[in-house]
Every structure is written in structure tokens, then in C-alpha cells.
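Counting from 77, one number per residue, gives the positions in the sequence shown under the working numbering.
Report on one structure; see the data block that follows.
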Amino acid sequence: MKICLDTCVWLNFLQNEKTSPVLLILKKAIDTYNLLLIVPEQVYVEVDRHKDNILKSKKDAIRTYRSHASELKSLLSPESAVTLTDILKEVDNNSDKYDLSLDKTYNLLQQTIYHPQTIRLETTNHSKVKAADRGLKKVRPFHKGAKNSMADAVIIESLLAYQAKAPSISLYFVTVNSDDFSDAKNKLEAHPDFNEDFEKANIKYSILPGDVIEELANTPIPDDVKKSFKRFYFDLGGILQAWMDEVTECLKCGGELAFNGHLILKGCSGEIYVCKQCGTTHHLPDDMT
Ligand SMILES: [Zn+2]
Numbered sequence: 077m078k079i080c081l082d083t084c085v086w087l088n089f090l091q092n093e094k095t096s097p098v099l100l101i102l103k104k105a106i107d108t109y110n111l112l113l114i115v116p117e118q119v120y121v122e123v124d125r126h127k128d129n130i131l132k133s134k135k136d137a138i139r140t141y142r143s144h145a146s147e148l149k150s151l152l153s154p155e156s157a158v159t160l161t162d163i164l165k166e167v168d169n170n171s172d173k174y175d176l177s178l179d180k181t182y183n184l185l186q187q188t189i190y191h192p193q194t195i196r197l198e199t200t201n202h203s204k205v206k207a208a209d210r211g212l213k214k215v216r217p218f219h220k221g222a223k224n225s226m227a228d229a230v231i232i233e234s235l236l237a238y239q240a241k242a243p244s245i246s247l248y249f250v251t252v253n254s255d256d257f258s259d260a261k262n263k264l265e266a267h268p269d270f271n272e273d274f275e276k277a278n279i280k281y282s283i284l285p286g287d288v289i290e291e292l293a294n295t296p297i298p299d300d301v302k303k304s305f306k307r308f309y310f311d312l313g314g315i316l317q318a319w320m321d322e323v324t325e326c327l328k329c330g331g332e333l334a335f336n337g338h339l340i341l342k343g344c345s346g347e348i349y350v351c352k353q354c355g356t357t358h359h360l361p362d363d364m365t
């Protein structure tokens with residue numbers, strides 16, 4: 077069986093440490109030739125572009141929590157402050173370990189995505205033209221005017237071209253980006269704009285990376301781990317950078333959001349939405365795939 081993970085799944089492994097055991101299961105299945113990993117060139121480009129941002133945000137987050145907790149101490153009773161001091165000491169003693177475990181996950185990701193058995197799909201001119209065709213026809217993933225969906229489209233067209241030559245073994249395309257790829261009525265199914273192409277090319281679709289890897293690697297994965305794959309956001313000091321295509325309400329308070337233009341933040345251009353209720357700024361990178 078062949079598997080292709082969308083950029084957002086690879087980034088999940090980095091963003092959410094709960095999912096890293098799944099990365100190890102995936103690598104073992106590739107090591108033992110039970111699974112063939114297919115990686116379109118565009119996925120390498122996107123993962124590489126976002127990884128520093130994610131690793132830095134994760135490492136910064138711990139430092140931010142620590143400094144907030146430290147401020148909190150002055151408001152506590154002396155006994156509680158002593159307890160908090162102990163907790164902070166423990167955090168300080170383990171901060172290197174935390175950074176190391178993130179780096180370890182990143183190394184494991186590199187070893188998997190660049191595995192010697194991995195089939196790497198170059199972005200051909202043919203795939204680019206087919207992707208542009210999708211754009212002109214305004215079919216998925218080009219369904220939102222302002223969003224640049226070229227990277228998504230190139231990934232899909234690279235897979236279709238590859239599978240057209242070797243359709244006898246089916247390929248799983250796994251993403252957590254249901255907004256762009258899933259049928260609106262049933263998120264577990266691919267959008268009708270992909271169905272015919274996927275069927276012809278023997279491509280299966282899933283938005284459940286944990287479930288698919290469990291099945292293909294024939295290794296049980298706990299339910300809570302499988303459920304932890306999702307789109308995510310970072311708090312960049314008061315601005316929430318939401319790595320999702322759509323945010324329908326404030327991620328802090330559920331309030332209504334107002335569109336407030338475009339902004340480049342941490343190297344990602346994206347749309348800005350401000351909560352009318354609590355004022356929280358949301359940044360949605362528009363090239364997230
Ligand atoms: Zn709000």
C-alpha cells in the first residue's frame with residue numbers, strides 16, 4: 077500500500093507532541109517495506125517553509141507560559157507562591173529536555189520524509205498546467221477567491237500523474253485540511269471535484285491520519301492520539317496565527333469576527349480578522365496547505 081501525507085499532517089507531527097508516536101509507527105512500516113511513502117516535491121517545499129516557524133513558536137510558548145506564571149506569583153498567598161516556585165524550578169530544569177524532544181521529533185520527521193525508500197515526485201510542467209486548469213475552472217482546491225491554492229493543486233496533480241502510471245496498488249491521500257479537500261456534506265469523503273480523478277487513479281481519501289496509519293501499519297494507536305490530529309493555531313503574543321482555512325468565530329471567546337485586510341506575519345502572508353467582542357487579532361496564513 078502507498079501513502080501520501082499532506083503538508084498539514086507532517087506539520088501536525090511537529091506541532092502536537094501527542095502525535096509523534098504515530099510518526100514512529102509510520103517510519104517503522106516504511107523501514108520494513110510494509111508501506112511505501114510518496115512525497116510530492118511541493119510537500120517538501122511547504123514543510124521546509126513552515127517548520128522553523130513552528131519549532132520556534134513551540135519553544136517560545138514554553139518561555140511565555142513561564143514568564144506569565146512568574147508574574148502570577150505576586151498575586152498568590154505565600155504558601156501557594158512556594159508551590160508555584162517549585163513548579164517553575166521543575167520547568168526550568170526540564171526546558172532543555174523539552175527543546176531536545178522537539179528537535180528529536182523533527183529529526184524523526186526528516187528521517188521519514190527523506191527515507192531512502194521514499195518515492196519523491198518532482199513537480200513537472202504537466203502538473204503545473206493541470207493545476208492551473210483547475211484554477212481556471214474554479215474547481216477544488218480553488219474555491220476561495222483570495223486564497224492561493226496553487227500548492228494544494230500541484231500536490232494533487234503530481235499524485236494523479238504518478239498514480240496514472242501505476243494504479244494497480246492503491247494510494248491513500250491523507251490530509252487534515254477538510255475545508256479544501258472534503259465534501260462539505262460528508263467531511264470523510266473527498267469533494268466531488270476530486271472523486272472521478274481519485275477513483276480512476278485508485279486514490280483513497282482520508283482526513284484521519286492516525287486511523288489510516290494504524291490500519292496500514294497494522295499497529296494499534298490509542299483513540300485519544302488518533303483524535304489529536306487537527307488544524308491548529310499559535311498565540312504569537314496576542315495575535316492568534318490560525319493554521320486553518322476558515323475561522324468562523326473568535327478562537328478565544330467565540331465572538332463575531334471582522335475582516336481587517338492582509339498582513340505578512342512571521343514570513344506568512346495572511347488575512348487578518350479582529351474579534352468584535354474581545355479584540356483578539358486572528359491571522360490566517362493564506363498559503364497553508
Ligand atoms: Zn473574541
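Where a beta carbon is used, it is the ideal one built from N, C-alpha and C, also for glycine.
Check	Outcome
What is the residue span of the beta strand (DSSP E) that Gln317 lies within?	315 to 319
Can Ile138 and Tyr182 be called in contact, C-beta distance under 8 Å?	no
Taking C-alpha atoms, which residue in Trp86, Asp82, Asn92 lies nearest to Ser304?	Asn92
List the residues that DSSP assigns as beta-bridge partners of Glu347.	His338, Leu360
Does the beta-carbon of Thr356, which I'm using as the reference point, lie nearer than 7 Å to any heavy atom of ligand 1?	yes
Going by DSSP, name the residue or residues bridged to Leu333.	Cys351
Assign Tyr349 to buried or exposed, taking buried as 16 or more other Cβ atoms, counted over all protein chains shown, within 10 Å of its Cβ.	buried
Please report how far the alpha carbon of Cys354 lies from the alpha carbon of Lys180, in whole angstroms.	38 Å
Tyr238 by DSSP, collapsed to three states: which one?	helix
Does at least one heavy atom of ligand 1 sit under 7 Å from the Cβ of Gly331?	yes
Assess, as a yes-or-no matter, whether the stretch 148 to 167 is touched by the stretch 324 to 334 under the definition of 3 or more beta carbon pairs within less than 8 Å.	no
Just tell me which of Ser177, Gly313, Leu341, Thr199 has its CA closest to the CA of Ser143.	Gly313
State the beta-bridge partners of Arg196 as determined by DSSP.	Val115
Which term fits Glu122, buried or exposed, when burial requires 16 or more other beta carbons within 10 angstroms of its beta carbon?	buried
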